[in-house]
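First comes the structure, then the notes that go with it.
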Amino acid sequence: MGIVCKSISIIYLNLYYSHKGCDLYMVEKRRIGIIGGTFNPIHLGHLMIAEVARESFHLEKVIFVPARIPPHKHNDVIDAKHRYAMTAAAVADNPYFEISDVEMRREGPSYTIDTIHHFKKIYGDSVSFYFIAGTDTIRDLPNWKFIDELLEHCHFIGAMRPDGSQVVDTTLELLGPKAKNRIHLMNVPEMKLSATYLRDRLRHGLTVRYMLPKCVVQYIEKYDIYRKE
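Heads up: the sequence shown begins at 1 in full-length UniProt numbering, then just goes up one per residue.
The structure is reproduced here in structure tokens:
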């Protein structure tokens, strides 16, 4: 009798969600956030955006993925081992944050589509992936390699700044119907931090207190990085 009731319940739920225009198994999917980047160095802005995204979109966890050789980056990126170590230290005290070295182990430039395929092999179809990015990244999506395939396999969360909605509208117009319901805006507290700004302060011996996690500052001081640029 229990099995029959369970079967009837599943049929009812499928009918209900079909009426609502969605699939039962899609509704039950787990959500995992992915935040990629150079993290040169990782700073409090990165951590804040990841935490707000986790809470706002009910993400099970957020995986930080430092890029080994990021596309379209200049040659001022420090050694991958330092960037990975700083990122690992920065996320260690948050039980909802993880770090992956998938792009560190990959030869050549790091492309998001390869990373998404990697995680899909691990988690299968039971997970929806949410790629967390800044407004500038959302603006550039139409130029990304394999963007059509990416939109089939993951969502994008754009950390919103004052012109954020206009940027998303333009991006959606350029990408067309395939981007519908795949790109989302997220309001975040304003924090005008950039890795370029922080590297410049470090080069000139200026304080980065309250801008970088304490463990990252300690790592930079221990290995005397950035000041040598």
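Yeah, the Cβ is synthetic: ideal placement off N, Cα and C, and Gly gets one too.
Burial state of I122 (16 or more Cβ within 10 Å): By 1-based counting over the sequence shown, the position of residue 122 is 122. Counting Cβ neighbours within 10 Å, I122 comes out exposed, since fewer than 16 surround it.
With 16 other CB atoms within 10 Å as the buried threshold, where does H204 fall? Here the question's residue 204 lines up with position 204 in the sequence shown. Of the other Cβ atoms in all chains shown, fewer than 16 fall within 10 Å of the Cβ of H204; this residue is therefore exposed.
Take every Cβ of the stretch 144-159, pair it with every Cβ of the stretch 176-194, and state whether three or more of those distances are shorter than 8 Å. Result yes; three or more Cβ-Cβ pairs closer than 8 Å.
Can at least three beta-carbon pairs, one atom from the stretch 98-114 and one from the stretch 48-68, be found at a separation below 8 Å? Between the stretch 98-114 and the stretch 48-68, the count of C-beta pairs closer than 8 Å reaches three or more; the two stretches touch.
If I follow the unbroken beta strand (DSSP E) through K61, where does it start and stop? Position 61 of the sequence shown, counted from the first residue, corresponds to residue 61. In the DSSP annotation of this structure, the continuous segment of the beta strand (DSSP E) that includes K61 starts and ends at K61 to P66.
Is the beta carbon of H58 closer than 8 Å to that of L193? Residue numbering aside, residue 193 sits at position 193 when the sequence shown is read from its first letter. Residue numbering aside, residue 58 sits at position 58 when the sequence shown is read from its first letter. Contact check for L193 against H58 fails: the beta carbons are separated by 8 Å or more.
Between the CA atoms of Y226 and K145 - distance to the nearest angstrom: Counting from 1 along the sequence shown, the entry for residue 145 is found at position 145. Counting from 1 along the sequence shown, the entry for residue 226 is found at position 226. Each residue's Cα considered, the two are about 31 Å apart.
Rounded to whole angstroms, what's the CA-CA distance from I132 to K214? Just pull it up for me. Walking along the sequence shown from the start, residue 132 turns up at place 132. Walking along the sequence shown from the start, residue 214 turns up at place 214. So the alpha carbons of these two residues sit roughly 24 Å apart.
Whose C-beta lies closer than 7 Å to the C-beta of K178 among residues of the same chain, with five residues either side of it excluded? The residue you call residue 178 lines up with position 178 of the sequence shown. Hits under 7 Å: D148 and L151.
Which residues share a DSSP beta bridge with M186? Reading the sequence shown from its first residue, position 186 is the one you call residue 186. DSSP, once it has assigned bridges, lists A159 as partnering M186.
Nearest to G45 by alpha carbon, out of R201, D169 and V188? Along the sequence shown, one-based indexing puts residue 45 at 45. Selection R201, D169 and V188 evaluated against G45 yields V188 as nearest (Cα-Cα).
Go ahead and pull the three-state DSSP assignment for S128. For this step, residue 128 is matched to residue 128 along the sequence shown. Three-state result, S128: strand.
Nearest candidate by alpha-carbon position, reference Y223, set P142, G176, E173 and K81: In the sequence shown, the residue the question calls residue 223 occupies position 223. Among P142, G176, E173 and K81, the Cα nearest to that of Y223 is on K81.
For the stretch 74-99, which segments carrying the alpha helix (DSSP H) assignment without a break, of at least 4 residues, lie completely within its bounds, in sequence order? Entirely contained in the stretch 74-99, the alpha helix (DSSP H) runs reaching 4 residues are, in chain order, 80-91.
Are there 16 or more other CB atoms within 10 angstroms of the CB of N40, so buried, or fewer, so exposed? One-based indexing of the sequence shown puts residue 40 at position 40. It is buried - the Cβ of N40 has at least 16 other Cβ atoms within 10 Å.
Member of D200, D125 and I32 whose CA lies at the smallest distance from the CA of E55: Start at 1 with the first residue of the sequence shown, and residue 55 comes out as number 55. Proximity to E55 across D200, D125 and I32 peaks at I32, based on C-alpha coordinates.
Bounding residues of the beta strand (DSSP E) (the contiguous stretch that carries I32): Taking the sequence shown and counting its residues from 1, the one referred to as residue 32 is at position 32. Note, I32: beta strand (DSSP E), R30 to G37.
Contact under 8 Å by Cβ, A85 with Y219: In the sequence shown, residue 85 corresponds to position 85, counting from 1. In the sequence shown, residue 219 corresponds to position 219, counting from 1. A contact, by the Cβ cut-off of 8 Å.
Beta-carbon separation of T38 and V77 under 8 Å? Here residue 38 corresponds to residue number 38 of the sequence shown, with the count starting at 1. Here residue 77 corresponds to residue number 77 of the sequence shown, with the count starting at 1. Yes, the pair counts as a contact, with Cβ atoms nearer than the cut-off.
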